[in-house]
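Below is one structure; the comments refer to it alone.
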Amino acid sequence: MSDRSFLDWPFFEDRHRDLAARLEAWCAAHLPVDHGDVDQVCRALVAALGAGGWLRPTGADEGERLDIRTLCLVRETLARHDGLADFAFAMQGLGMGAVSLFGTAEQRRWLAQTRVGEAIAAFALTEPGSGSDAANCACAAERVAGGWRISGEKTYISNGGIADIYVVIARTGEAPGAKGLSAFLMPADVAGLSIVERIDVIAPHPLAHVRLDRVKLPEDALIGRAGDGFKIAMTVLDHFRPTVGAAALGFARRALDEALARAKRPRPSGQLADYQMVQGHLADMAVEIDAAALLIYRAAWAKDMGAARITREAAMAKLYATEAAQRVIDMAVQLHGGDGVRTGMAVEGLYREIRALRIYEGASDVQRLVIARSLLA
Ligand code: COS
C-alpha cells in the first residue's frame, strides 16, 4: 500500500480524505482490467466509473467550480491501479472542460450524460500542422446561414472514434493567430466527421486522426464568444495540467511500491534492500514523489481557493511530476533487473504508460516556456 500520509496535508478537506478511502476500495474491487480491446475496455470503464459515481467531479454545473483537488486525487488513485482507468476518467473532464467552464445551460446538458458515463467526451485541439504552437490552428469554421461550417484535420485525439461528443477548436478569423480561434461543441454523429486513422501508441488507448469535412453546426454550438477559442483552450489546460501531474504521481507511487516489494524480496544472499546504494535510490524516489505531490496539490489548492489563474503553478506541477515519474519508474525498472523489461511486469507497463504524459496537454518544453514567461513578465 502506497504512502497515504500526504492526505493529512492541509491542502485537503475531510471530504477529500473520505473520497480517497472510498475510491481505494472501489479500485481494489474493480481494477486492474484486461486491456485487450481498448475501445471496448474504455467504454466499459467509463460506464463502470459512471455507475460508481466517480465521474461526477469531471463536470461543473453553472455556478459550480471544478474541484481540482478531487480531480487530482481521483487521477492519482486510478493511475496507481490501472492507466486505462485513469485515461477513461481524465478524458471525461478534459473533453467537457470548455463546457464546464464556459458552456451555456443548453451545452451543459451534455454533462448530465458525461458525468454518469452515458456519453464519452473528447477534446480536439491538436492538428497535423500545429501541436505545441496551438495558435497556428488551421481547421476553419465559417459562418453560414443558421450556424457554422467547419473543415479541417485534428490528430492525436484521445477517444477519437469512440467519443459521443467533441469540443473542437477552429479558426474563425476575427484576428490573425491566437485571437482568431473559437471553440465548438460537436456531437459525434454530425455528417462530415470521419476517422481517418486509428493511432497505435506504446500504452494503447483510443486515439485517432479525425477529419471534419464541411461539418455543419448550429449557431449555439459556439462555446463562449467567437475569437475566444485560444483562451478557452488554455484555461481548460490550466485546470487539467495539474491532473496530468497527478496521473504521473500515481504511476510513480506504484513504481515505488513495486520497487520496495522487490527490494525486500528474500534472495539467497540477503535482500536488495541491504545494499546502501539501493537504499539511496529508494530514498531519491520517495523525495521526488513528495516533491511532485506538493507541486500538484499546491496548484490544485490554489485554484480551488479561487485563484483567477494558475498557469504557472499548473505548468510547474505537470513539468516536475511527469519528469520525476519518468525517473522514478526508470529506477524501478532498473531495480527489477531483467524482469523490469519483461512484458506483463507492472514496472514494464508503467514505463510505457508514463512516456506520453511528458508530451500530451503541453510537452515539457512548453511548460518550461510558460514558467519562464511568467518569471520574465
Ligand atoms: N489562460 C488564459 N489566457 C491565456 C493563457 C492561459 N493559460 N495563455 C495564453 N493566454 C492568452 C494570452 O494572454 C494572449 O492573450 P492577450 O494578448 O489578450 O493577453 C493569448 O492567449 C495568446 O497568448 P500567447 O501569445 O502566450 O500564445 P502563444 O501562441 O505564444 O502560445 C503556448 C503559448 C506555447 C504556451 C501555447 O500555445 C501552449 O500551451 N501550447 C501547447 C498546447 C497544448 O497543450 N496542446 C496539447 C493538446 S491538448 S491534449
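Residues in the sequence shown are numbered from 12 upward in steps of one, following our numbering. Backbone N, C-alpha and C define an ideal beta-carbon position, used for all residues, glycine too. Note that the structure is predicted; figures quoted are calculated from it, not measured.
Extent of the continuous alpha helix (DSSP H) run through residue 62: Unbroken alpha helix (DSSP H) run through residue 62: 49-62.
Apart from the five residues on each side of it in sequence, which residues of its chain come closer than 6 Å, Cβ to Cβ, to residue 311? 79, 80, 83 and 253
Residue 331 lies in the alpha helix (DSSP H); which residues open and close that run? Residues 322-346.
Would you grab the beta carbon distance between residue 156 and residue 182 for me? Rounded to a whole angstrom, and I think it's under 8 Å. Not a contact, Cβ separation roughly 20 Å.
Hey, residue 343 and residue 358 are a contact pair by Cβ (cut 8 Å); roughly how many whole angstroms apart? 5 Å
For ligand 1, any of its heavy atoms closer than 7 Å to the Cβ of residue 241? yes
Using the beta-carbon count (16 or more within 10 Å), is residue 197 buried or exposed? buried
For residue 127, I'd like the list of residues in its chain whose CB is within less than 6 Å of its CB, leaving aside the five on either flank, ordered along the chain. 61
From 164, 73 and 85, pick the residue whose C-alpha is nearest to that of residue 35; which is it? Comparing C-alpha distances from residue 35 to each of 164, 73 and 85 shows the shortest one belongs to 85.
I want to check one thing, is the minimum distance from the CB of residue 320 to the heavy atoms of ligand 1 below 7 Å? yes
Assumed close pair residue 340, residue 361 - CB separation to whole angstroms, cut-off 8 Å: Rounded to whole angstroms, the Cβ separation of residue 340 and residue 361 is 5 Å, and the two are in contact under 8 Å.
Cβ-based burial, residue 186 [other Cβ within 10 Å; buried from 16]: exposed
Please state whether DSSP places residue 286 in a helix, a strand or coil. The answer is coil: DSSP assigns residue 286 none of H, G, I, E or B.
Rounded straight-line distance, which links the Cα of residue 266 to that of residue 130: Computed Cα separation, rounded: 32 Å.
Residue 146: CB within 7 Å of a non-hydrogen atom of ligand 1: Answer for residue 146: yes, Cβ within range of ligand 1.
Burial state of residue 48, where buried means 16 or more other Cβ atoms lie within 10 Å: exposed
Consult DSSP for residue 183 and reduce its assignment to one of helix, strand or coil. coil
Hey, how far is the Cα of residue 296 from the Cα of residue 263? 8 Å
Does the distance from the C-beta atom of residue 332 to that of residue 370 stay below 8 Å? no
What do you reckon, is the C-beta of residue 373 under 7 Å from a heavy atom of ligand 1? yes
Would you say the beta carbon of residue 245 is closer than 7 Å to some non-hydrogen atom of ligand 1? Checking every heavy atom of ligand 1 against the Cβ of residue 245, one is found closer than 7 Å.
So residue 166 and residue 220 are supposed to be a Cβ contact under 8 Å. How far apart are they, rounded? Confirmed, about 4 Å.
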